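Note that full-length UniProt numbering numbers the sequence shown so that position 261 is 261, with each residue one more than the last.
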Amino acid sequence: MSTALPTAEATTRPAPRGPLAAVRGFWTRPVPLARIAVFRTIAYLFVPVDVFLTTAWVAAHADVPTAYYQPLVVGRLLQLPTPTATVVTVVQWLLVAAALAAATGRAPRLLGTAVFLLYSEWMVIAMSYGKVDHDRIAYLVALAVLPTIGVACWRDRRSSEAAGWAMAAVFVTVVLTYFLAAWAKVRFGGWDWATGSTITRAVIRRGTALSEWTLDVPGLLTAAQWVMLVAEFAAPLMLLVRSDRARVALVVFLLGFHLMVFGGLRIIFLPHCVAILSILPWERAPEALAAIRSRLGRGAGRAGGVPAADPPG
1 MSTALPTAEA
11 TTRPAPRGPL
21 AAVRGFWTRP
31 VPLARIAVFR
41 TIAYLFVPVD
51 VFLTTAWVAA
61 HADVPTAYYQ
71 PLVVGRLLQL
81 PTPTATVVTV
91 VQWLLVAAAL
101 AAATGRAPRL
111 LGTAVFLLYS
121 EWMVIAMSYG
131 KVDHDRIAYL
141 VALAVLPTIG
151 VACWRDRRSS
161 EAAGWAMAAV
171 FVTVVLTYFL
181 AAWAKVRFGG
191 WDWATGSTIT
201 RAVIRRGTAL
211 SEWTLDVPGL
221 LTAAQWVMLV
231 AEFAAPLMLL
241 VRSDRARVAL
251 VVFLLGFHLM
261 VFGGLRIIFL
271 PHCVAILSIL
281 PWERAPEALA
291 AIRSRLGRGA
301 GRAGGVPAAD
311 PPG
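This is the structure in structure tokens:
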């Protein structure tokens, strides 16, 4: 009596389907490690820019009497040190040094963790005096998840589910930043926020030649507030973007929006914009740069009278 071997159809298990499988696929979709390497360099090099330019005022807290320090909840729970002049100076320079070292890609877990912890303390020092900015959360999440990936190089063609999870976490936080901004508007200002004069007041206080003309157009800024509120509530739809071309279009749209706001109101959320860059397919950057160099080289050869070599094939 012979025993028949199982056929390929009998042994092949169908791929799991359904909502749970879709959610798991979103969070664990492999991402090329080259994307992590490029974005990691951008994220860490932004730290000294933020410390010395965009939030240089944080260092001024070294001269503020400690009696004015009202720590955030995380500062109270972790019993973080009171920001004296020594504490602020030490955190500032350790943070910059750790970020520059981490940007090289060496010891990514150790240096990346150090950058996240030091930047978190820097933000506690910044936001414990009565003002809390909402444009930092996605960038903080990026600094938190980057050390979980490990070694990655610019030309690393391997894909990693850990990298996919990290980039998905940043993407979701970017989306929630917009959605929760709309929720905060309605929570504290009610639906009357959309019919109020928030943007009008901003244009009067911080407007430029690019935005001051809007004050003379009745109803325009009110309509803009409704559009902003609806768009922010619809932000979760961005999670449906999957293809690289759609991701590039999404990033161009978001950065264009923030540049428009900066041009009209001189307000820019740079840390959030850095987090938005995590959506891009950075693994294509080395090839794009090589192609640009090749074209420039051929152009220089033609200009100098040297015939450019034909491409192989």
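Just so it is clear, CB atoms sit at the ideal spot from N, CA and C, and this is done for glycine as well.
A quick note: this is a predicted structure, and the numbers were derived from the prediction, not measured.
{"Query": "So who's on the other strand from SER160, going by DSSP bridges?", "Result": "VAL31"}
{"Query": "Can you check which of these residues, PHE26, VAL151, THR113 and PHE188, is closest to ARG35 by C-alpha distance?", "Result": "VAL151"}
{"Query": "Cβ of ALA103 within 9 Å of Cβ of THR55?", "Result": "no"}
{"Query": "Apply the 10 Å Cβ neighbour rule to LYS131 and answer buried if 16 or more other Cβ atoms are within range, or exposed otherwise.", "Result": "exposed"}
{"Query": "DSSP three-state label for SER294, please.", "Result": "helix"}
{"Query": "Report the start-end ranges of each alpha helix (DSSP H) in the segment 62-96 that is 4 residues or longer and not cut off at the edges.", "Result": "73-77"}
{"Query": "Can you give the Cα-Cα distance for ILE149 and ALA235, rounded to whole angstroms?", "Result": "27 Å"}
{"Query": "Report the three-state DSSP secondary structure of GLY263 (helix, strand or coil).", "Result": "helix"}
{"Query": "Taking buried to mean at least 16 other C-beta atoms within 10 Å of its own C-beta, is LEU110 buried or exposed?", "Result": "exposed"}
{"Query": "Let me make sure I understand the geometry here. Which of LEU254, ILE279 and LEU280 has the alpha-carbon closest to that of residue 328?", "Result": "Here the chain comprises residues numbered 1 to 313, so residue 328 is not present and cannot be evaluated."}
{"Query": "When burial is assigned at 16 or more other CB atoms within 10 Å of the CB, is VAL274 buried or exposed?", "Result": "buried"}
{"Query": "ASP63 and ALA43: beta carbons closer than 9 Å?", "Result": "no"}
{"Query": "Among the residues of its own chain, which have a CB less than 6 Å from the CB of ARG293, if the five just before and after it don't count?", "Result": "none"}
{"Query": "Assuming LEU146 and ALA166 form a contact by the criterion Cβ under 8 Å, report the distance between their Cβ atoms to the nearest whole angstrom.", "Result": "7 Å"}
{"Query": "Answer yes or no: do PRO48 and ALA138 have a C-beta to C-beta separation smaller than 9 Å?", "Result": "no"}
{"Query": "Classify GLN225 as buried or exposed, calling it buried when 16 or more other Cβ atoms lie within 10 Å of its own Cβ.", "Result": "buried"}
{"Query": "Hey, is HIS134's beta-carbon within less than 9 Å of any beta-carbon in chain B?", "Result": "Here chain B cannot be found, since the structure has a single protein chain."}
{"Query": "What residues in its chain sit with their C-beta under 6 Å from that of PHE116, if we drop five residues either side in the sequence?", "Result": "LEU143 and ALA144"}
{"Query": "Excluding sequence positions up to five away, which residues of its chain have a Cβ less than 8 Å from the Cβ of LEU210?", "Result": "GLY263 and GLY264"}
{"Query": "Does the distance from the CB of ALA169 to the CB of HIS134 come in under 9 Å?", "Result": "no"}
{"Query": "Here's a check: name, in chain order, each residue in its chain whose Cβ is nearer than 8 Å to the Cβ of ALA202, leaving out the five neighbours to either side.", "Result": "LEU265 and ILE267"}
{"Query": "When we look at the beta-carbon of ILE204 and count the other beta-carbons within 10 Å, is it buried (16 or more) or exposed?", "Result": "exposed"}
{"Query": "Use the C-beta contact count for VAL88: other C-beta atoms within 10 angstroms, 16 or more gives buried, fewer gives exposed.", "Result": "buried"}
{"Query": "From ILE125, TYR119, LEU80 and GLY297, pick the residue whose C-alpha is nearest to that of VAL58; which is it?", "Result": "ILE125"}
{"Query": "For TRP191, count neighbouring C-beta atoms within 10 Å of its own C-beta (all shown protein chains included) and say buried if the count is 16 or more, exposed if not.", "Result": "exposed"}
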